[in-house]
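Peer 1:
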Amino acid sequence: MGVGRNYDAVYGMAVAHETQWDEIVLDRMLPGELDGLDILSAMRTRGEATSLSVRSAA
Numbered sequence: 020m021g022v023g024r025n026y027d028a029v030y031g032m033a034v035a036h037e038t039q040w041d042e043i044v045l046d047r048m049l050p051g052e053l054d055g056l057d058i059l060s061a062m063r064t065r066g067e068a069t070s071l072s073v074r075s076a077a
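Here the sequence shown stands for residues 20 to 77, numbered as in this note's numbering.
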């Protein structure tokens, strides 16, 4: 079992694609050009079936 943490959406999406995760928890409001919903959409478009949860502090 492993835990990863990324603060950049573009880098996080690359890591999510390269690594097999049981679940990914996304922050809705990430700094930069992409946010958690962009990552969710991209992963589903690629057909990835990893369980995803989207959270937000706001």
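Note that beta-carbon positions come from the ideal geometry of N, C-alpha and C, so glycine has one too.
Predicted model, so just to flag it, every value in this text is computed and none were measured.
Alpha carbon to alpha carbon, how far is residue 72 from residue 25? Give it in angstroms, no decimals.
Peer 2: Distance between the alpha carbons of residue 25 and residue 72: 15 Å.
Peer 1: For residue 42, which beta-bridge partners are listed by DSSP?
Peer 2: Looking at the DSSP assignment, residue 42 forms a beta bridge with 70.
Peer 1: Is residue 52 helix, strand or coil by DSSP?
Peer 2: Note: residue 52 maps to coil in three-state DSSP.
Peer 1: Can you tell me which of the three DSSP states residue 76 falls into?
Peer 2: Correct three-state label for residue 76: coil.
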